[in-house]
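> Would you mind keeping the following structure in view while I ask a few things?
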Amino acid sequence: MNMYFCSLFIVGKLARKQYMEMKRESAAIQIQRHVRGWEARKLYKKARAAAIVIQACLRGMSARKEFTFRRQTRAAVKIQVLMIVIMLVLVLLTF
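According to the working numbering, the sequence shown is numbered sequentially starting from 6.
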């Protein structure tokens, strides 16, 4: 009978040890999952911020190009109008 209780004690001790190992492994897996998620979010935020900076630069460049084009077009129209006026004046002076 004493041997029976001794073997039950040993089996119980082994079962508790195995349970604690499983519990520790489960906790480690949870910690790893949270850390990996945090790292993924951090990387995503960094990539998103970089994309926003690139978009802002491209929009600024496009706006500056558009402004320059409009300014040049306006100047060309003024020159054309001035040339038309000068040609009209010359035509009128020759009559």
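The beta-carbon is built from N, C-alpha and C at its ideal position, and this holds for glycine as well.
This structure is a prediction, so every number in the text was calculated from the model and none was measured.
According to DSSP, is Phe10 helix, strand or coil?
It is helical.
> From the DSSP output, in three-state form, read off Phe100 for me.
For Phe100, the three-state secondary structure derived from DSSP is coil.
> Do you know offhand how far Ile59's Cα is from Gly65's?
Going by the C-alpha atoms only, they are around 10 Å apart.
> Return the chain-ordered ranges of every beta strand (DSSP E) run that is complete within the stretch 43-68 and spans a minimum of 3 residues.
none
> Roughly how many whole angstroms lie between the Cα atoms of Ala55 and Arg75?
30 Å
> At the level of alpha carbons, what is the spacing between Gln77 and Ser67?
15 Å
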